[in-house]
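Below: the structure, in structure tokens.
Written as structure tokens, this is what we have:
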């Protein structure tokens, strides 16, 4: 008896808080309609499962372990719930008995029977999902038994199948047919010309001889540069190679494209340079190297018609996936399902960075040295951003428990982290790491009142005042030039200076709301910046104001802006001359005419006689857009640490949560924030929260690594 519909309709994407009882009633009604009833011993298991799936969703887990679900299991009303280890054992036993009942009712199906029946036709069989839940009880112990929603299990299986297919497939340069002399010569020549280290050269060799290459490395280790060298080698033999650049966000895609062009600009990649130069004159759809988000690649019809997928692969010879740590199990399964047998895949990422917002830790599992795909993995180690031995390098190494900290007790590791926050600047390199431990509980009454109002400590406000001061000075210079009607060339130069000041620093916060958060920083900076260009000088009183920093939240291909792009709001005068009086004035928006703009444009006569229009300047692209056309966006004096992945700034402030039990204080979050800097980092945190972040790695329940090792999908 199959009852997938009960769960599929209620939980298409996983558990949600508070639905345990509701789902229990739905299951009971479904059974009653068929003349059956849910056994009493199964009822606590349903409630426990739904609560466990809810927590799993919050934590980014792909599945639920039995010992985790058993924590939510409560005995029937006539039973007593025991505490301690004995109680844990009884809860696990009771929960597994309940799961057994659900299996007998057809609500749970064993994973291995599912695989045996589905085999390589997983996609078609998965559409009907044999049961709403799948059980993997071949994990070595009852406590480690895992339960999946059918969709999650199917995606994990599909992804493993696709990766095994790629890893087992030999390219025309594979082991059975060694790399051609052209490619072999190119590898040695390009590696020597570029000064590639031994690991970079190894990465090039793996990528040109295998269909799957996984390249991991921290900031500045040259991942994109290495890929450019790989592409140069491949182009030596096949000049018409179709190359796809893909990343989870538009911003990451743009950064990869920029990095590729910077690598070409160094002069030792003539083939790739020629291709990119020709692409400049081609429409996007006809380019040999195309950069798109993963989502856009999957939504772009193939020449065969329809969206890419199994049996209708992406029409490319090579696909490079950057920022792979940000790719969740859903997106990874869809992407690799659309990769054809003739396509070479190169995956880039930093296994120590934050995992994806969605479920799974795909890149971390793939780049694990113990993974069955280890022969396809190369980890780059030498950072060009901060050299080994500098305070930033030592700090990142200690946070990750690497190098000398690899086998130390946790207390000793934390001492190494604290030692890196010496506050002593390396005069030769300019590197510096500072820890600000000031918390409101230790402050005087006046300071606590300011903290309660702003959500920021004195040290945090001082850092913002100092960094925003340089930006404010550049904004005032722009304001003065704009008010006196300076020529466009002068204003453009001042815009570039303003962008340069902004690009030097960034505040990164663990949380969006509350104290020491993105919202607290944005509110503080907003109040400070609005005062620089009073309304009397023509600035609007609405959301936008001159100098406001914004971050785009939604991709817009038509406008050429993408999620993660940062811009500066600035005024631009539009002169409208009245024919009768000859004086300059604002057009009447109620009257038709080509000079009238959307009513969202601020229409105000400033003291020089012009009307202010707001535009947004994107310094990375050196272009402006009318503010009223901008897609969904937020103020961005600060951004979340998640949003900052892939970015780099001269100076960075990292704001950790107030409470150590917030769940946000993790090793990966701290590492990601700290390594966004090129030179200086200030961390704002209590010692207790910092210790918790260093101690606690992100652990996500999933079984991709085991699935790959078992090769369960092979014939």
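In the UniProt record's numbering, the protein residues as written are 1 to 715. C-beta: ideal position from N, C-alpha, C; glycine also.
With a CB to CB cut of under 7 Å and the five nearest residues on each side skipped, what residues in its chain are close to residue 703?
Locating residue 703 in the chain shown gives position 703, counting from the first residue. Hits under 7 Å: 63, 136, 146 and 156.
Could you name the residues of the same chain whose beta carbon sits closer than 6 Å to that of residue 287, not counting the 5 residues immediately before and after it, in chain order?
Mapped onto the chain shown, residue 287 falls at position 287. So the qualifying residues of the chain are 279.
DSSP bridge partner residues for residue 616 (one or two, in chain order):
As a position in the chain shown, residue 616 is number 616, starting the count at 1. Residue 616 is bridged to 569 and 625.
CB-CB under 8 Å to residue 190, same chain, minus the five flanking residues each way: which ones, in chain order?
If you number the chain shown from 1, residue 190 lands on position 190. Excluding sequence neighbours, residue 190 sits near 196, 204, 229, 232, 233, 268 and 269.
Report the rounded CA-to-CA distance for residue 533 versus residue 546, giving the unit in angstroms.
Indexing the chain shown from 1 puts residue 533 at position 533. Indexing the chain shown from 1 puts residue 546 at position 546. Going by the C-alpha atoms only, they are around 7 Å apart.
Rounded to whole angstroms, how far is the Cβ of residue 72 from the Cβ of residue 52, which I believe are closer than 8 Å?
Here residue 72 corresponds to residue number 72 of the chain shown, with the count starting at 1. Here residue 52 corresponds to residue number 52 of the chain shown, with the count starting at 1. That pair is a contact at about 6 Å.
Tell me whether residue 216 sits in a helix, a strand or coil according to DSSP, three-state version.
Within the chain shown, numbered from 1, the residue matching residue 216 stands at position 216. Strand, per DSSP.
Alpha carbon to alpha carbon, how far is residue 515 from residue 691? Give it in angstroms, no decimals.
On the chain shown, position 691 is the one that residue 691 refers to. On the chain shown, position 515 is the one that residue 515 refers to. Residue 691 and residue 515: Cα-Cα distance of roughly 19 Å.
As an exercise, report each continuous beta strand (DSSP E) stretch of at least 3 residues that is fully enclosed by the stretch 622–698, in chain order.
623–626, 633–635, 638–640, 649–655 and 677–684
Any heavy atom of the ligand ATP inside 7 Å of the beta-carbon of residue 373?
Absent from the structure shown: the ligand ATP. Ligands present: none.
Do you know offhand how far residue 375's Cα is from residue 347's?
One-based indexing of the chain shown puts residue 375 at position 375. One-based indexing of the chain shown puts residue 347 at position 347. Each residue's Cα considered, the two are about 14 Å apart.
Rounded to a whole number of angstroms, what is the C-alpha to C-alpha distance between residue 33 and residue 357?
As a first step, residue 33 is located in the chain shown; it is residue number 33 there, counting from the start. As a first step, residue 357 is located in the chain shown; it is residue number 357 there, counting from the start. The alpha-carbon atoms of residue 33 and residue 357 are separated by roughly 40 Å.
Does DSSP classify residue 606 as helix, strand or coil?
By one-based count along the chain shown, residue 606 stands at place 606. Its pLDDT being 41, under 50, residue 606 is placed unreliably in this model, and the value from its coordinates should be taken loosely. Coil.
Per DSSP, cross-strand counterpart(s) of residue 432:
Here residue 432 refers to the residue found at position 432 when the chain shown is read from its first residue. The partner list for residue 432 (beta bridge, DSSP) reads 680.
Using the C-alpha atoms, what's the distance from residue 95 back to residue 411?
Taking the first residue of the chain shown as position 1, residue 411 is located at position 411. Taking the first residue of the chain shown as position 1, residue 95 is located at position 95. Their backbone Cα atoms lie some 37 Å apart in a straight line.
Option in 510, 221, 212 and 544 with minimal Cα separation from residue 662:
Here residue 662 is taken as the residue at index 662 of the chain shown, counted from 1. Closest by alpha carbon: 510.
Closest residue to residue 251 among 644, 264 and 44 (Cα-Cα distance):
Sequence index remark: in the chain shown, residue 251 carries index 251 (1-based). Of the listed residues, the one whose Cα sits closest to residue 251 is 644.
Just curious, the alpha helix (DSSP H) that residue 785 is in, first and last residue?
The shown model of the chain, from 1 to 715, leaves out residue 785, and the question about it has no answer.
Please give the ranges of any alpha helix (DSSP H) in the stretch 334–407, keeping only runs that are unbroken, at least 4 residues long and fully inside the region.
362–366 and 391–399
Please determine if the stretch 235–253 and the stretch 310–324 are in contact, where contact requires at least 3 C-beta pairs separated by less than 8 Å.
yes
According to DSSP, is residue 153 helix, strand or coil?
Residue numbering aside, residue 153 sits at position 153 when the chain shown is read from its first letter. In the structure shown, residue 153 sits in a helix (DSSP, three-state: H, G or I).
Residue from 678, 508 and 414 with nearest C-alpha to residue 657
As a first step, residue 657 is located in the chain shown; it is residue number 657 there, counting from the start. Out of 678, 508 and 414, 508 has the C-alpha closest to the C-alpha of residue 657.
State the DSSP-derived secondary structure class of residue 148, mapped to helix, strand or coil.
Mapped onto the chain shown, residue 148 falls at position 148. Strand at residue 148.
Residues in the same chain with beta-carbon distance under 7 Å from residue 591, minus the five sequence neighbours each way, listed in chain order, please.
Along the chain shown, read from residue 1 onward, the residue named residue 591 stands at position 591. Note that residue 591 scores a pLDDT of 37, beneath 50, so its modelled location is shaky and nothing firm can be said.
Name the two residues that bound the continuous alpha helix (DSSP H) containing residue 483.
Here residue 483 corresponds to residue number 483 of the chain shown, with the count starting at 1. Note, residue 483: alpha helix (DSSP H), 458–483.
Roughly how many angstroms separate the alpha carbons of residue 557 and residue 543, rounded to a whole number?
Stepping through the chain shown from its first residue, residue 557 is reached at position 557. Stepping through the chain shown from its first residue, residue 543 is reached at position 543. C-alpha separation (whole angstroms): 25 Å.
Mind the definition here: the stretch 211–221 touches the stretch 252–263 only if three or more C-beta pairs lie below 8 Å; say whether that holds.
no
By the DSSP assignment, the beta strand (DSSP E) with residue 506 in it spans what residues?
Taking the first residue of the chain shown as 1, we reach residue 506 at position 506. Note, residue 506: beta strand (DSSP E), 505–509.
Between the Cα of residue 187 and those of 153, 143, 150 and 236, spot the shortest distance and give me the residue it belongs to.
If you number the chain shown from 1, residue 187 lands on position 187. Taking only the C-alpha atoms, the option nearest residue 187 is 236.
By Cβ distance, which residues of its chain are closer than 6 Å to residue 317, with the 5 residues on each side in sequence left out?
The sequence position of residue 317 within the chain shown is 317, counting from 1. So the qualifying residues of the chain are 241 and 242.
What would DSSP say about residue 289, mapped onto helix, strand or coil?
Within the chain shown, residue 289 is the residue found at index 289, counting from 1. Strand, per DSSP.
Which of the three DSSP states is assigned to residue 543 in this structure?
Indexing the chain shown from 1 puts residue 543 at position 543. Note: residue 543 maps to coil in three-state DSSP.
Taking the alpha helix (DSSP H) that residue 705 belongs to, which residues open and close that run?
Working through the chain shown from its first residue, we reach residue 705 at position 705. Taken as a continuous stretch (DSSP letters only), the alpha helix (DSSP H) holding residue 705 covers 704–710.
Three or more C-beta pairs closer than 8 Å, one from the stretch 399–414 and one from the stretch 680–695: is that the case here?
yes
Closer than 7 Å by C-beta to residue 530: which residues in its own chain qualify, once you throw out the five before and the five after it? Chain order, please.
Here residue 530 is taken as the residue at index 530 of the chain shown, counted from 1. Contacts found: 545.
Where the beta strand (DSSP E) containing residue 110 begins and where it ends
To locate residue 110, count along the chain shown from 1; it is residue 110. Element bounds for residue 110: 108–110.
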